[in-house]
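Residues 149 to 202, numbered by the working numbering, are exactly what the sequence shown covers, in order.
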Amino acid sequence: MTNDKENKTIKTKVEPQNDEPNEETYAAMEAAEKETDIYGPFDSIADLMVALNA
C-alpha cells in the first residue's frame, strides 16, 4: 500500500520577481517590431538547430 501523503501533489504559485522587462528583453522586443535580427524560416529542424547552436 502507498501512503496518501506520498501521492499528494504540492502546488505552488510562482510570482514574477519583477514586472518590468530588463534591457535585453526590451532590445529583443524592439528588434522583433523592426523585423531585424530575425532568422528563418528553416527548411528542417536540423537547419533550425544549426542556427541555434551557432
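Ideal placement from N, C-alpha and C gives every residue a C-beta, glycine not left out. The structure displayed is predicted, hence computed values, not measured ones.
In this model, Lys182 and Lys156 are separated by some 48 Å (Cα to Cα). Cα atoms of Tyr187 and Leu200: separation of roughly 10 Å, rounded to the nearest angstrom. DSSP places Asp195 in the helix class (H, G or I) of the three-state scheme. Just so you know, the alpha carbons of Ala180 and Thr173 end up roughly 11 Å apart.
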